[in-house]
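Read the structure below first, then the notes.
Protein chains: 2
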Amino acid sequence: MRLPVRRAAEVCPVEVAVSILGGTWKLTLVKHLTAGPLRFGQLGRRVPAANRKTLTRALRELEEDGVVHRDVHAEVPPRVEYSLTALGGTLAPIVEAMDSWGADYAARLAADPLQGRGSSRSA
Amino acid sequence: MRLPVRRAAEVCPVEVAVSILGGTWKLTLVKHLTAGPLRFGQLGRRVPAANRKTLTRALRELEEDGVVHRDVHAEVPPRVEYSLTALGGTLAPIVEAMDSWGADYAARLAADPLQGRGSSRSA
DNA sequence: CAGCATCCTTTATGATACTG
DNA sequence: CAGTATCATAAAGGATGCTG
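In order, the protein sequences belong to chains G and V.
Start counting at 1 in the first sequence, then tack on 69, and there's your number in the working numbering.
Start counting at 1 in the second sequence, then tack on 69, and there's your number in the working numbering.
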């Protein structure tokens, strides 16, 4: 459903960013990683609504897109640390802008529960 | 597939923004409307890759979410103008941030065509 | 012109259970 | 612990044709 990055690039630069970051949980994951590297389980506890498979897929795609680095430690039990790449670090302004906009939007919803469609899209 | 806004709000503010703006074409439409109101056909010509139905749906959802205003003129032939609401106008920083990030990303791709997955997601 | 109706395909996301 | 495998489902996005 999401545009391939190269095709998005032919349309509009914003669409490139959307195709890489638009997936559910992806920007939330990036946001949490902004504070520093986290293990798979730690990320999972920070985003309980996402199951392991979904989480794995999102992280793999972010990795393929060069946003996230995956560090597998050869230990038992396994330890896998995720961190932002240099490119991923450049997402900070986007994360901040969307975080504050989303917070404002949520505040409006709370103030006027009748506004917006709110439940027209499932999970 | 996309989270309902209210559920997203329980997870993370960034997820609220993603649920509203994450759909294909949506941020591109907002970007074009930043320059001023546009008619349906004008928007379509600016985003030729999206067909009428997809365009209509995206605009309706943006309208329901309070980002876009739809102005139907009682004329023949019909004239429908889309514009940003006040709330939609507050998206400018996000649009700018994602536009420049996407442009940088596309430039990297062009410089090193082997990087990224680029075609792992269809349209 | 700006849509809507219909039908279709893809795939994102999830539930659940198993494994090195 | 950090996954993978399998199966299921809804919904996003699209093609095409009709209409006030």
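The C-beta atom is built at its ideal place from N, Cα and C for all residues, glycine as well.
The model shown is predicted, which means the values in this text are computed figures rather than measured ones.
Residue-chain proximity (residue i, chain V), Cβ-Cβ < 8 Å
| i | result |
| --- | --- |
| G/Tyr-151 | no |
| G/Leu-96 | yes |
| G/Thr-123 | no |
| G/Asp-181 | no |
| G/Leu-72 | yes |
| G/Val-80 | yes |
| G/Leu-178 | yes |
Min CB distance residue i to chain G below 8 Å
| i | result |
| --- | --- |
| V/Gly-105 | no |
| V/Gly-113 | no |
| V/Pro-147 | no |
| V/Gly-158 | no |
| V/Ala-155 | no |
| V/Arg-139 | no |
Rounded Cβ spacing between residue i and residue j (contact assumed at less than 8 Å)
| i | j | result |
| --- | --- | --- |
| G/Leu-124 | G/Gly-113 | 6 Å |
| V/Leu-153 | V/Val-137 | 6 Å |
| V/Ala-175 | G/Ala-78 | 4 Å |
| V/Arg-108 | V/Arg-148 | 6 Å |
| G/Gly-91 | V/Val-87 | 6 Å |
| V/Val-99 | V/Leu-156 | That belief does not hold up - the Cβ atoms of V/Val-99 and V/Leu-156 are roughly 11 Å apart, past 8 Å. |
The alpha helix (DSSP H) enclosing residue i, as first and last residue numbers
| i | result |
| --- | --- |
| V/Val-164 | 161-180 |
| G/Arg-71 | Where G/Arg-71 is concerned, there is no enclosing alpha helix (DSSP H), given that its DSSP letter is neither H nor E. |
| G/Ala-127 | 121-133 |
Continuous beta strand (DSSP E) stretch holding residue i: start and end
| i | result |
| --- | --- |
| V/Arg-153 | Correcting the residue type first, residue 153 of chain V is Leu in the shown sequence and not Arg. Run containing V/Leu-153: 148-153, per the beta strand (DSSP E) assignment. |
| G/Val-141 | 137-142 |
Check: In the segment 76-111 of chain V, which residue ranges form an unbroken alpha helix (DSSP H) of at least 4 residues, counting only runs that do not cross its ends?
Finding: 82-90, 95-103
Check: Counting pairs of beta carbons, one from the segment 100-109 of chain G and one from the segment 103-119 of chain V, are three or more of them closer than 8 Å?
Finding: no
Note to self: Under 8 Å: do the segment 167-183 of chain G and the segment 127-134 of chain G share three or more Cβ pairs, one atom per stretch?
What the structure shows: no
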